[in-house]
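Colleague: Can you read through this structure? Questions will come right after.
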Amino acid sequence: MSGNGGARFGASFGGSFGGGYGAAPQPAAAAPAPAAAPAGDLIKDTTTRGFVKDVLEESKKQPVLVDFWATWCGPCKQLTPVLEKVVQSFKGKVKLVKMDIDKHPEIAGQLGIQSIPAVIAFDKGQGIDGFMGALPEGQVKAFIEKLVGGKVSPDLAEALAAADAALVEGDAAGAAQVYAQVLGLEPENLHALAGLARCAIETGDLEQAKGLLAEVPADKANDKSVVAARAALELAEQAADLGPIHEFEHRLAQNPADHQARFDLAVALNAKGKREEATDHLLEIFRRDRTWNEDGARKQLVQFFEAWGPMDDATIAGRRRLSSLLFR
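Residues in the sequence shown are numbered consecutively from 4, following the working numbering.
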């Protein structure tokens with residue numbers, strides 16, 4: 004995911020965040036209604052320690068949105084009142100939990116969040132969707148409607164999940180067929196369009212991928228699936244300009260401190276689907292010299308995370324390892 008007018012975290016997750024922030028006053032609870040929950044139950048602040056109870060456990064009852072914000076982030080102050088208003092309008096079908104990354108940076112770091120405001124949706128104990136930037140009220144409402152089942156039919160959702168799984172397992176052709184079928188039913192489905200672009204990337208047809216992503220409307224450019232597809236395309240283009248993997252391995256054998264060779268090897272390995280090995284090499288550069296190539300190793304790793312998606316196992320594991328180096 005990438006921001007849209009959101010403030011950047013800075014050089015690292017543990018960067019110098021500005022002081023405290025008084026949370027915006029929450030609207031008074033509405034009169035009791037059979038399907039509604041009081042406003043105080045729908046919206047709350049949480050901490051790193053309270054995250055499991057307030058978010059993961061609570062999301063087993065209904066979806067929970069987590070709003071990552073900070074006092075110095077202007078767009079955050081625009082988005083939070085909109086989130087509160089829309090969440091209350093859904094009368095208990097979704098809850099909102101706010102986390103100040105000044106005071107509690109660990110969760111944001113582990114999720115691979117690099118700009119704020121950032122909103123991650125959790126359901127049944129898992130992060131399943133999200134967006135960045137101060138979206139207008141209509142888009143926030145549409146996001147929540149989709150989350151609670153108001154827009155995407157179960158059949159299409161299952162088809163997209165199956166296509167995603169097929170793509171991860173290397174069946175780009177099978178995944179592409181499903182994505183194309185979904186687009187036939189919903190021509191504006193960005194998940195399917197981005198998925199089709201990623202299938203083209205997997206088969207080496209980068210021009211087709213570019214053409215598909217060029218169809219994305221400008222106001223939808225920050226959709227998480229589109230952002231991930233664009234990041235994957237950039238990485239594929241980088242890898243296409245590199246030489247054989249064995250050349251970089253030979254250079255490293257001769258000189259383990261050849262950071263450029265290690266960096267290029269990481270990009271090439273990622274293109275081959277060897278995410279753990281690619282992460283190992285970039286973290287090794289970061290461990291040896293954080294300032295190399297203007298923090299190039301960490302920035303490249305963040306791009307990997309963006310292409311893989313914040314909930315990918317490789318992203319979560321890599322983010323945890325990066326955080327341990329940042330904070331030690």
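Ideal Cβ placement from N, Cα and C applies to all residues, glycine included.
Return the Cβ separation of D244 and R254 in integer angstroms, given the expectation that the two are a contact with Cβ distance under 8 Å.
Modeller: Not confirmed; about 16 Å, so no contact.
Colleague: Report yes if the CB atom of G299 is closer than 9 Å to the CB atom of D267, and no otherwise.
Modeller: No.
Colleague: Let's see if you can read the secondary structure: which residues bound the alpha helix (DSSP H) around I147?
Modeller: E140 to L150 is the span of the alpha helix (DSSP H), which, as asked, contains I147.
Colleague: From this set, P139, L163, G141 and G133, which residue's C-alpha is nearest A150's C-alpha?
Modeller: Looking at the sequence provided, one finds Leu at residue 150 rather than Ala. The residue with the shortest Cα to Cα distance from L150 is G133.
Colleague: Can you give the Cα-Cα distance for A317 and Q180, rounded to whole angstroms?
Modeller: If I take the Cα positions, the gap works out to 26 Å.
Colleague: Relative to the C-alpha of V69, which candidate in K94, I123, G77 and V97 has its C-alpha closest?
Modeller: Comparing Cα positions, the closest option is I123.
Colleague: So the alpha helix (DSSP H) V311 belongs to, where does it begin and stop?
Modeller: The displayed chain sequence assigns Trp, not Val, to residue 311. Where W311 is concerned, the enclosing alpha helix (DSSP H) stretches over G299 to W311.
Colleague: With DSSP run on the structure shown, which of helix, strand or coil describes V219?
Modeller: V219 falls in the coil class under three-state DSSP.
Colleague: Which residue spans inside the region 61-144 form an unbroken beta strand (DSSP E) run of at least 3?
Modeller: List check, beta strand (DSSP E) in window: 67-72, 98-103, 121-126 and 129-135.
Colleague: Using only CA atoms, which one of A73, L285, A232 and K47 lies nearest to L170?
Modeller: For L170, the nearest C-alpha among the options comes from A232.
Colleague: Who are the Cβ neighbours of Y24 in its own chain at under 8 Å, not counting the five residues just before and after it?
Modeller: Note that Y24 has pLDDT 24, beneath the 50 cutoff, so the model's placement of it is unreliable and no number is given.
Colleague: Quick check on DSSP: helix, strand or coil for K47?
Modeller: Note: K47 maps to strand in three-state DSSP.
Colleague: Below 7 Å CB to CB, which residues in the same chain sit around V143 once its five sequence neighbours on both sides are set aside?
Modeller: Answer for V143: V85, L86 and V89, listed in chain order.
Colleague: Within 10 angstroms of the Cβ of L99, are there 16 or more other Cβ atoms? Answer buried if so, exposed if not.
Modeller: Buried.
Colleague: For K127, count neighbouring C-beta atoms within 10 Å of its own C-beta (all shown protein chains included) and say buried if the count is 16 or more, exposed if not.
Modeller: Classification for K127: exposed.
Colleague: Please report how far the alpha carbon of Q184 lies from the alpha carbon of A197, in whole angstroms.
Modeller: Cα-Cα distance, rounded: 14 Å.
Colleague: Can you tell me which of E148, F330 and V97 puts its alpha carbon nearest to the alpha carbon of P66?
Modeller: It is V97.
Colleague: Work out the CA separation of L186 and C79 for me, nearest whole Å.
Modeller: When rounded, the distance between both Cα atoms is 33 Å.
Colleague: At the level of alpha carbons, what is the spacing between E205 and A165?
Modeller: One C-alpha to the other measures close to 17 Å.
Colleague: Measure the Cβ-Cβ separation of S326 and G112 and say whether it is below 9 Å.
Modeller: Their beta carbons are under 9 Å apart, which means S326 touches G112 by this criterion.
Colleague: Can you give the beta carbon distance from T51 to V58, rounded, assuming they're within the 8 Å contact cut?
Modeller: T51 to V58, Cβ: 11 Å. No contact.
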